[in-house]
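Residue numbers (this note's numbering): 649 to 693.
See the structure below:
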């Protein structure tokens with residue numbers, strides 16, 4: 649699975665991104681972090 653983290657989660661809620669990856673890996677899912685660019689979330693904050 650490709651996981652798009654987005655810059656908002658990387659900078660504002662990194663623990664959510666880490667927990668998501670842990671859950672996915674824990675279920676046996678192969679996770680690939682997708683190449684990112686800005687998701688636009690910081691512009692709304």
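Idealized CB from N, CA, C, for every residue including glycine.
query	result
Could you tell me which residues DSSP puts in a beta bridge with residue 681?	651
Measuring alpha carbon to alpha carbon, tell me which residue in 686, 669, 684 is nearest residue 678.	669
So, with DSSP's three-state summary, where would you put residue 668?	helix
Which whole-angstrom value describes the C-beta separation of residue 657 and residue 682, a residue pair presumed to lie in contact below a C-beta threshold of 8 angstroms?	About 12 angstroms separates the two Cβ atoms, so there is no contact after all.
For residue 691, tell me which candidate among 654, 673, 676 has the shortest Cα-Cα distance.	654
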